[in-house]
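These notes concern the structure reproduced below.
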Amino acid sequence: MQVKELRDYDGQKRWAVVFGTGEEVTSGLSGLARVHKLSGAHFTGIGALQTAVLGFFDIAHREYRRFGVDEQVEVLSLVGNIALEDDQPRVHAHIVLGRFNGATLGGHLLVAHVRPTLELVVVETPGHLRRRFDPSSGLALLDLSPED
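Each residue of the sequence shown is one higher than the one before, starting from 3 at the first, in the working numbering.
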């Protein structure tokens, strides 16, 4: 993974991030957040993947229904954020993938391996973001209440 810090814009730090073939996206973004001590960020990206595991949150069963993608696909849209959960950065991302025939797949990004490249821009958020477990949904949701 290549990372280059870009010029600050309105006091927000920004990075260009380029993943290469075989690199895993969510762990790479978590590592970037740890290295740069990001308490919150958002990102967008495009590129291509060789494999991925996506999920759809089944609210009735309170768990992700997972499905694999085991073919070369284009990343048509990747958007997400990074927030702290139990003082560790957690990546929350949604992705739309394009297949060879123009069909699309989408969902919550759980795991993704790049081929040949994935290009992202990561922007630090100005406030402290954190996630807290919400018992009614079974998810760790963004908590914007004042810190304890």
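Ideal Cβ placement from N, Cα and C applies to all residues, glycine included. On a predicted model such as this, the values are computed, not experimentally measured, just so you know.
CB-CB length for residue i against residue j, believed under 8 Å
i: A35; j: I84; result: 5 Å
i: F58; j: G109; result: 5 Å
i: V123; j: V27; result: Wrong, their Cβ atoms sit about 14 Å apart, outside the cutoff.
i: V93; j: S32; result: 6 Å
Nonlocal neighbours in the same chain, by C-beta distance under 8 Å from residue i, ignoring five residues either side
i: Q14; result: V125, E126, T127 and P128
i: T119; result: V20, F21, G22, T23, G49 and A50
i: Q74; result: A50, L51, Q52, F102 and R117
Where the beta strand (DSSP E) containing residue i begins and where it ends
i: L31; result: Looking at the DSSP string, L31 is not in any beta strand (DSSP E); the run it does join, the alpha helix (DSSP H), is V27 to V37.
i: R132; result: First-last for R132: undefined, no H or E at that position.
i: R9; result: Q4 to Y11
As assigned by DSSP and simplified to three states, the class of residue i
i: G49; result: strand
i: N83; result: strand
i: G104; result: coil
i: D89; result: coil
Close Cβ partners of residue i (< 6 Å) along its chain, the five nearest in sequence each way excluded
i: E7; result: W17
i: L112; result: V55 and G57
Nearest to residue i (by Cα), restricted to the options the options
i: A62; options: P137, L111 and L56; result: P137
i: L80; options: G47, R64 and G33; result: G47
i: L107; options: S32, D88 and F69; result: F69
Other residues of its chain near residue i: CB distance less than 7 Å, five sequence neighbours each side excluded
i: S41; result: L86, H130 and L131
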